[in-house]
Amino acid sequence: MKVLYGPWRDWEPLEGSASLTIGVFDGVHLGHRALISHLDPDLIPTVLTFDPHPVEVLAPGTPPRLLTTIDERVELLGRLGVAEIGVLDLGEIKGLEPSQFVEAILLGKMGVAHLVTGHDFRFGKDRSGAVDMLGHLAEKHGFELEVVAPVADEEGQVSSTRIRALLEAGRPEAAARLLDSWYQITSQVVQGERRGADLGYPTLNLGPPPRKLVPATGVYACFARVGEQVHQAAVNVGVRPTFGGGDLLIEAHLLDFDRTIYGEEVTIEFVAYLRPEVEFEEVGALVEQMGEDVRETRRALGVAAPNAG
């Protein structure tokens, strides 16, 4: 897979003809996968995506609450068979008129022969280009335009916004159905206060990664990836109110795991929400609840499987 980063004007034109789709693709959810499934395998399956997230360009200082980092997005797209990816900075292209965007980037850099979009696709300066204009430009320049209907279920259209809302409501199972995978966060293990170890339930402490959405506070049954190994884990997302509170932290108790791995990266896959984070009046009650959390984690994960590695 080839990935183009940096200013688009510096990109070498792709060799061959592309079947291409465009979007942020945050989460690479079922709606995104529908677009990608329409790419023509007889051409070069290609995606144009954006980093930073457009909200950071259009509303500076607004946290984007990403479902996927650009690296995670690229990896997921590659698994779906995408051969070429161009990573655009909206700040560099937002002044291009729709016709300029098509001629300079889609044709000049990507060699588009087949373009796949959703029905509500907008492009060009001030989002002034819509699908009808794109149809005229496709006819003018001789490439095929395919417009794909949105993916929906009984609760509405599949979207990154909807998935964020589900995760923030503590509904990882529902989010996973729309993502076609467990929601995951990768972060580095940092040294904590060792309270978990003192209580008999040692934890790996993970700081929330910048720009990534963190699910609702509470206790979850999760899979934890450490290197090539996958472990079951009872995970608390919260501020530890029993001990006076603090900064938001992800604390993962890996079942049947006794290594010290400060500084290593761990990926947490959120499978099931077990309970809210609560303040206990005495530590013994917390320890008793942690034992129940472990039992519930084994039960929940006994009927689940981790994401494909």
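Under the working numbering, the first residue of the sequence shown is numbered 886, with each subsequent residue one higher.
Idealized CB from N, CA, C, for every residue including glycine.
The Cβ-Cβ distance between phenylalanine 1006 and leucine 973 does not fall below 7 Å. By the 16-neighbour rule on beta-carbons within 10 angstroms, alanine 1106 is buried. Residue nearest to alanine 998 within the set Gly1176, Ile990, Gly1027 is Gly1027 (criterion: CA-CA distance). Less than 7 Å divides the Cβ of aspartate 911 from the Cβ of leucine 952. The C-beta of tyrosine 1147 has fewer than 16 other C-beta atoms within 10 Å across all chains shown, which makes the residue exposed. At a Cβ-Cβ threshold of 7 Å, leucine 933 and glycine 963 do not count as neighbours. With fewer than 16 other Cβ atoms inside 10 Å of its own Cβ, alanine 1170 counts as exposed. From the listed residues Val888, Leu1030, Gly1085, the smallest Cα separation to lysine 994 is found for Val888.
In the DSSP annotation of this structure, the continuous segment of the beta strand (DSSP E) that includes serine 904 starts and ends at 903–907. A distance of 7 Å or more separates the beta carbons of glutamate 1053 and alanine 1109. Pairing serine 902 with serine 1013, the inter-Cα distance amounts to about 27 Å. A straight-line Cα-Cα distance of about 10 Å links proline 1035 and threonine 1002. Within the model, the alpha-carbon separation for alanine 1157 versus aspartate 1141 is close to 19 Å. Bounds of the alpha helix (DSSP H) holding threonine 1182 are 1168–1186.
For arginine 1062, the enclosing alpha helix (DSSP H) has its first and last residue at 1057–1064. The criterion of a C-beta distance shorter than 7 Å is satisfied by valine 1043 and glycine 916. Selection Arg1047, His914, Val987 evaluated against lysine 1025 yields Val987 as nearest (Cα-Cα). Only residues of its own chain outside the window of five on either side were considered, and among them His938, Val940, Glu941, Arg1096 have a CB closer than 7 Å to the CB of proline 949, listed in chain order. A Cβ-Cβ separation of about 6 Å places glutamate 1031 in contact with histidine 923 under the 8 Å criterion.
Sixteen is the threshold: since fewer than 16 other Cβ atoms of the shown chains lie within 10 Å of the Cβ of glycine 1020, the residue is exposed. Cβ contact annotation for aspartate 1132 (same chain, cutoff 6 Å, sequence separation greater than five): none.
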